[in-house]
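In what follows, a structure is listed as structure tokens, so that the remarks can point back to it.
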Amino acid sequence: MAKAKPSQICIITVTGVDKVGIIASIANAMAKVNVNIVDVNQKIMEDYFVMTMAVDIAEATLPMDKIKKKLDRIGQEMSLNIAFQDENIFKAMHRV
Numbered sequence: 108m109a110k111a112k113p114s115q116i117c118i119i120t121v122t123g124v125d126k127v128g129i130i131a132s133i134a135n136a137m138a139k140v141n142v143n144i145v146d147v148n149q150k151i152m153e154d155y156f157v158m159t160m161a162v163d164i165a166e167a168t169l170p171m172d173k174i175k176k177k178l179d180r181i182g183q184e185m186s187l188n189i190a191f192q193d194e195n196i197f198k199a200m201h202r203v
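To convert, count from 1 in the sequence shown and add 107; that's the working numbering.
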């Protein structure tokens, strides 16, 4: 049996006006490129949608830059702000 690759966690952050299908669109796009969703937190504040999703891209069929392009496309189609970054960069940016 082949050893699993070590985790490579990235964080997807999504903000924008709430609408049907945001989580589904992102989850489907990640599933198509074999990205595993390991954690999701989302909140609706009035009509504003905020989500952070931790994903493991270790077994992904596309490199990180191509995954980012897929997410950018979803952001444009759904009028959302979507950021995609390595977990270490995310943590460094949000350290107090």
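Glycine residues also receive a C-beta, built at the ideal position from the N, C-alpha and C atoms. Keep in mind it's a predicted model, so treat the numbers as computed, not measured.
Rounded C-alpha distance that separates residue i from residue j
i: threonine 158; j: threonine 122; result: Checking the displayed sequence, the identity of residue 158 turns out to be methionine instead of threonine. Going from the Cα of methionine 158 to the Cα of threonine 122 covers about 7 Å.
i: glutamate 153; j: valine 124; result: 9 Å
i: asparagine 148; j: alanine 134; result: 13 Å
i: alanine 190; j: threonine 168; result: 20 Å
i: alanine 131; j: aspartate 172; result: 21 Å
i: glutamine 115; j: aspartate 193; result: 8 Å
i: alanine 138; j: tyrosine 155; result: 25 Å
i: aspartate 146; j: methionine 160; result: 6 Å
i: isoleucine 52; j: lysine 176; result: Outside the displayed range of the chain (108 to 203) lies residue 52, so it cannot be described from this structure.
Residues that residue i bridges to, as DSSP identifies them
i: alanine 190; result: Thr120
i: threonine 159; result: Thr120, Asn148
i: asparagine 143; result: Asp163
Residues of its chain near residue i, where Cβ-Cβ distance is below 6 Å and the 5 sequence neighbours each way are ignored
i: leucine 187; result: Val121, Gly123
i: proline 170; result: none
i: isoleucine 151; result: Asp125
i: leucine 142; result: With the sequence shown as reference, residue 142 is identified as valine, and leucine is not the correct amino acid for it. For valine 142, where only same-chain residues beyond five positions count, the Cβ hits under 6 Å are Val162, Ile164, Ala167.
Nearest residue (CA-CA) to residue i, options the options
i: valine 127; options: Met160, Asp193, Gln192, Glu184; result: Glu184
i: aspartate 162; options: Ala131, Tyr155, Ile119; result: Per the sequence presented here, residue 162 reads as valine, with aspartate not at that position. It is Ile119.
i: valine 140; options: Lys150, Leu178, Lys112; result: Leu178
i: cysteine 117; options: Ile174, Ile129, Gly182, Ile181; result: Ile174
Neighbourhood of residue i by C-beta distance below 8 Å, restricted to the same chain and skipping five residues each side
i: proline 113; result: Ala165
i: isoleucine 181; result: Ser132, Ile133, Ala136, Leu187, Ile189
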